[in-house]
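Asker: Encoded as structure tokens, here's the structure I'll be asking about.
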Amino acid sequence: MTDNTWIIIAVILYFVVMLAIGYYGWRKTSEYDDYVIGGRNLPPFVAGISAGASDMSGWLLMGLPGALFVAGMSEIWIVIGLFIGTWANWQWIAPRLRAYSEVANNSITLPSFFENRTHDSSRALRVIAALIIIFFFTFYVSSGMVAGGRYFESTFQGDYLTGMLIVGAITVVYTFIGGFFAVSYTDVAQGLLMFAALLIVPIMALFAIDNPGDIFSYPVDNAYGPHPDGNPDFFNIIAGTTAAGIIGNLAWGLGYMGQPHIITRFMALRSPSEAKSGRNSGLIWVGFCYIGAIFTAIIGASFFGQTQHSVVDREGFETIFLDMTRILFHPLFAGLVLTAVLAAIMSTMSSQLLVTSSALVEDLFKVFSKKEPSQRMLLISSRGMVIVVAIIAIIMAANPSDTILNLVGFAWAGFGSAFGPIIIASLFWRRLTSQGAMAGMITGAVTVLVWGNVDALSGLIYEMVPGFILATIAMVAVSLMTQPKPGVDTEFDRHLAVTDYSMEHPDATFEEAFNATATPGEELHVSNKGSGNGSTAQKNLAGEGNLGGSREV
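471 is the number that UniProt numbering gives to position 471 of the sequence shown; each next residue is one higher, with no gaps.
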């Protein structure tokens, strides 16, 4: 058999496993809440790996090694910022968001949480948040489609468009049928595959070169890739960059707080206390993956320099991991390793497709619908929107005009600036108002759009920095000029009490934590699953402003 045949067999096996997990997700999905957020029943290990895998995309195995290969270790500031951001997100955001999203009327999407958190009755905040999600995720999903096409170009020397369509189609199928469960559990399988591949490939490449001990000197003194005379500053982390460049790269870590496809995992945890276990799993996974990606670039310089093999992508050099794998291993094993790149691409795309679909249905369709849609209609609509968003992303990616890293960077900055300050303020500042949240959200999104598309500005500093700062200023200023709605203060205290109790009693369920901290006349009652309302529980909050009566959480 030819090399391509072996690799195709491996890829087909991978696709079959993904579709099987999709079928498993379909069997566990009976209600709309299951499809969107898994019924808030996600184990912490699954949440930790899933959040990491849905975050990394093709950037981890293609964009990051390529950037390090070309520019050297000056690009490592992105990794430092992202690792710190991952830790901070799990440490501070995850437990509070898990509690508050359920206290705030069982919010199952980020836009619905913003609305319920601020008690915005105009629906404008929710709609604007949904539109921002749809806009920026279209670019984000498009970056995954680009990575899929380039994967097939490098692996099979095949057609870019064909590869893009195949990767997009399989991702859409298992997301379409399995929803949140399928996305989360395929993320785990894909994340573990990425983890193994990023450790195996650089180690095997190290043994394949003539002088393994020279890996820390070779790229400095010898020709490789884009450097015909070597790169004397390869290991200098500040060479070729500026203070603004370092700050901009570190600012990638700020973006974590505003990424809907990541923080949705926090909302889906079984209880706030499980954020600690999820954090540990996620940090171990991402730490070793970063190490593997960094050494792929370092060892890759010696590998391609000493062995005279060439890199398929001669512009961004974003295929070095793929090319090393194809050269080093038997085609069948190479195919299995190379599926790690597919895993990275597909895990992120599936999460983004699901979140975008949820925004379209939960935060636009339901808001403007004249009557409450049935569970069946919501499920059908969500699945239909997955296909629509995928088609738009495919059209955008058909003729890529930018690198994977730049596409990801634009969308990352958009979410980080528009949502990051609002998430932080929602959980830690009781004075936040709906008007302030709206002002900050719009300011952040517009700043990224303008800054990122004006060369004179984008060359100064990464658009995340001005976007995040200006959004925070606008949010605080407008919130101080307006007043929070009645009942917001009480709910803020409730989420703090539930979070604190859960962290002190890690074995307690959310319902137990709520009831243990309840005030007189305030109870949490578990509702019948499958009753058609899509809720996991109900609480009675009597005499608390507009929290009176029965509100689902």
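Don't be surprised by glycine CBs; every beta carbon is placed ideally from N, CA and C.
If I follow the unbroken alpha helix (DSSP H) through R98, where does it start and stop?
Answerer: The residue you call residue 98 lines up with position 98 of the sequence shown. The continuous alpha helix (DSSP H) containing R98 extends over residues A94 to V103.
Asker: Thinking just about the alpha-carbon of each residue, which of A334, L378 and A343 is nearest to the one in A359?
Answerer: Position 359 of the sequence shown, counted from the start, is the residue given in the question as residue 359. Per the Cα distances, L378.
Asker: Give the straight-line distance between the Cα atoms of T307 and D214, rounded to the nearest whole angstrom.
Answerer: Start at 1 with the first residue of the sequence shown, and residue 307 comes out as number 307. Start at 1 with the first residue of the sequence shown, and residue 214 comes out as number 214. Roughly 14 Å between the two C-alpha positions.
Asker: Taking the straight line between their C-alpha atoms, what separation do you get for S101 and I284?
Answerer: For the purposes of this step, residue 101 is identified with residue 101 of the sequence shown, where counting begins at 1. For the purposes of this step, residue 284 is identified with residue 284 of the sequence shown, where counting begins at 1. Rounded to the nearest angstrom, the two C-alpha atoms are 27 Å apart.
Asker: Return the CA-CA distance between I246 and D3, expressed in angstroms with no decimal places.
Answerer: Taking the first residue of the sequence shown as 1, we reach residue 246 at position 246. Taking the first residue of the sequence shown as 1, we reach residue 3 at position 3. One C-alpha to the other measures close to 43 Å.
Asker: Quick one, which of S381, E491 and I84 has its alpha-carbon nearest S426's?
Answerer: Taking the sequence shown and counting its residues from 1, one reaches residue 426 at position 426. Considering only alpha carbons, the answer is E491.
Asker: Expressed to the nearest angstrom, what Euclidean distance is found between the alpha-carbon atoms of V388 and V172?
Answerer: Taking the first residue of the sequence shown as 1, we reach residue 388 at position 388. Taking the first residue of the sequence shown as 1, we reach residue 172 at position 172. About 10 Å.
Asker: What ranges does the alpha helix (DSSP H) occupy inside the region 74-147, keeping only unbroken runs of at least 4 residues that lie completely in it?
Answerer: 76-88, 94-103 and 110-118
Asker: Out of M18, D34 and S54, state which residue places its alpha-carbon closest to the alpha-carbon of I353.
Answerer: As a first step, residue 353 must be located in the sequence shown, where it is residue number 353. Position check: residue 353 holds Leu in this sequence, whereas Ile was assumed. It is S54.
Asker: Quick check on the DSSP output: the alpha helix (DSSP H) that includes N249 runs from which residue to which?
Answerer: Walking along the sequence shown from the start, residue 249 turns up at place 249. Looking at the DSSP string, the run of the alpha helix (DSSP H) that includes N249 is A243 to L250.
Asker: Taking its Cβ as the centre, do 16 or more other Cβ atoms sit within 10 Å of F207, making it buried, or is it exposed?
Answerer: Working through the sequence shown from its first residue, we reach residue 207 at position 207. Exposed, because fewer than 16 other Cβ atoms sit within 10 Å of the Cβ of F207.
Asker: From L61 to A518, what distance separates their C-alpha atoms?
Answerer: For the purposes of this step, residue 61 is taken as the residue at position 61 of the sequence shown. For the purposes of this step, residue 518 is taken as the residue at position 518 of the sequence shown. Taking the straight line from one Cα to the other gives about 48 Å.
Asker: So which of L432, I394, L199 and L449 has the shortest CA-CA distance to S417?
Answerer: For the purposes of this step, residue 417 is identified with residue 417 of the sequence shown, where counting begins at 1. Ranking the options by Cα distance to S417, first place goes to L449.
Asker: Applying the 10 Å Cβ sphere with the 16-neighbour rule, what's the burial state of T325?
Answerer: Position 325 of the sequence shown holds residue 325. Buried, because 16 or more other Cβ atoms sit within 10 Å of the Cβ of T325.
Asker: What number of angstroms, rounded off, separates the C-alpha of T482 from the C-alpha of G258?
Answerer: Stepping through the sequence shown from its first residue, residue 482 is reached at position 482. Stepping through the sequence shown from its first residue, residue 258 is reached at position 258. Taking C-alpha positions only, T482 is separated from G258 by approximately 24 Å.
Asker: Starting from N4, trace the alpha helix (DSSP H) in both directions and tell me its first and last residue.
Answerer: Translated into the one-based positions of the sequence shown, residue 4 becomes position 4. Taken as a continuous stretch (DSSP letters only), the alpha helix (DSSP H) holding N4 covers D3 to K28.
Asker: I7 and A334 look like a contact to me (Cβ under 8 Å); what is the Cβ gap, rounded to whole Å?
Answerer: On the sequence shown, residue 7 is found 7 positions in, with the first residue counted as 1. On the sequence shown, residue 334 is found 334 positions in, with the first residue counted as 1. I7 to A334, Cβ: 6 Å. Contact.
Asker: Please identify the residue among W252, Y151 and P232 whose C-alpha is closest to the C-alpha of D313.
Answerer: As a position in the sequence shown, residue 313 is number 313, starting the count at 1. Here the closest residue by C-alpha is Y151.
Asker: Which partner residues of H227 appear in the DSSP bridge assignment?
Answerer: One-based indexing of the sequence shown puts residue 227 at position 227. Looking at the DSSP assignment, H227 forms a beta bridge with Y224.
Asker: Given a cut-off of 9 Å on the beta-carbon distance, is the pair I298 and P219 in contact?
Answerer: Mapped onto the sequence shown, residue 298 falls at position 298. Mapped onto the sequence shown, residue 219 falls at position 219. Yes, the pair counts as a contact, with Cβ atoms nearer than the cut-off.
Asker: Which residues in the same chain as F113 place their Cβ atom closer than 7 Å to its Cβ, once the five residues preceding and following it in sequence are excluded?
Answerer: Translated into positions along the sequence shown, residue 113 becomes position 113. Cβ neighbours of F113 beyond the five flanking positions: S101, A104 and S107.
Asker: Are the beta-carbon atoms of N236 and M73 separated by less than 9 Å?
Answerer: Numbered from 1 along the sequence shown, position 236 holds the residue referred to as residue 236. Numbered from 1 along the sequence shown, position 73 holds the residue referred to as residue 73. Yes, these two residues count as a Cβ contact at 9 Å.
Asker: Measure from the alpha carbon of F419 to the alpha carbon of each residue in D500, L457 and M464, then state which is nearest.
Answerer: Taking the sequence shown and counting its residues from 1, one reaches residue 419 at position 419. With distances taken between Cα atoms, F419 lies closest to M464.
Asker: I think V146 touches A397, with their Cβ atoms under 8 Å apart; what is that distance to the nearest whole Å?
Answerer: Numbered from 1 along the sequence shown, position 146 holds the residue referred to as residue 146. Numbered from 1 along the sequence shown, position 397 holds the residue referred to as residue 397. Distance from V146 to A397 at the Cβ level is roughly 5 Å; contact confirmed, criterion being Cβ atoms closer than 8 Å.
Asker: Do you know offhand how far S531's Cα is from N453's?
Answerer: The residue you call residue 531 lines up with position 531 of the sequence shown. The residue you call residue 453 lines up with position 453 of the sequence shown. Reliability fails at S531, whose pLDDT of 32 lies under 50, so the model's placement of it is uncertain and the value that follows must be treated cautiously. When rounded, the distance between both Cα atoms is 49 Å.
Asker: Please classify M164: is it buried, with 16 or more other beta-carbons within 10 angstroms of its beta-carbon, or exposed?
Answerer: If you number the sequence shown from 1, residue 164 lands on position 164. M164 should be labelled buried.
Asker: So which of A413, V337, V141 and S374 has the shortest CA-CA distance to S347?
Answerer: Here residue 347 refers to the residue found at position 347 when the sequence shown is read from its first residue. Here the closest residue by C-alpha is V141.
Asker: Let me know the secondary structure DSSP gives L460 once reduced to three states.
Answerer: For the purposes of this step, residue 460 is taken as the residue at position 460 of the sequence shown. L460 falls in the coil class under three-state DSSP.
Asker: Could you tell me the boundaries of the alpha helix (DSSP H) in which V341 lies?
Answerer: The residue given as residue 341 occupies position 341 in the sequence shown. P331 to L360 is the extent of the alpha helix (DSSP H) around V341.
Asker: Let me make sure I understand the geometry here. Which of Y290, Q435 and L460 has the alpha-carbon closest to that of I84?
Answerer: Working through the sequence shown from its first residue, we reach residue 84 at position 84. When each option's Cα is compared against that of I84, the closest is Y290.
Asker: On the DSSP letters alone, give me the boundaries of the alpha helix (DSSP H) that I238 sits inside.
Answerer: Residue numbering aside, residue 238 sits at position 238 when the sequence shown is read from its first letter. Counting along the chain, I238 sits inside no alpha helix (DSSP H), nor does DSSP assign it H or E at all.
Asker: How long is the line joining the alpha carbons of N528 and G409, rounded to whole angstroms?
Answerer: Translated into positions along the sequence shown, residue 528 becomes position 528. Translated into positions along the sequence shown, residue 409 becomes position 409. At N528, the pLDDT of 35 sits below 50, so the modelled position is not reliable; the number obtained from the coordinates is stated separately. If I take the Cα positions, the gap works out to 43 Å.
Asker: Along the chain, where does the alpha helix (DSSP H) containing I291 start, and where does it finish?
Answerer: Taking the sequence shown and counting its residues from 1, the one referred to as residue 291 is at position 291. Element bounds for I291: A275 to Q306.
Asker: Which of the three DSSP states, helix, strand or coil, is assigned to L449?
Answerer: In the sequence shown, the residue the question calls residue 449 occupies position 449. Helix at L449.
Asker: Please state whether DSSP places L60 in a helix, a strand or coil.
Answerer: Position 60 of the sequence shown, counted from the first residue, corresponds to residue 60. Note: L60 maps to helix in three-state DSSP.
Asker: Cα separation between F303 and I209?
Answerer: Taking the first residue of the sequence shown as position 1, residue 303 is located at position 303. Taking the first residue of the sequence shown as position 1, residue 209 is located at position 209. The straight-line gap from Cα to Cα measures roughly 6 Å.
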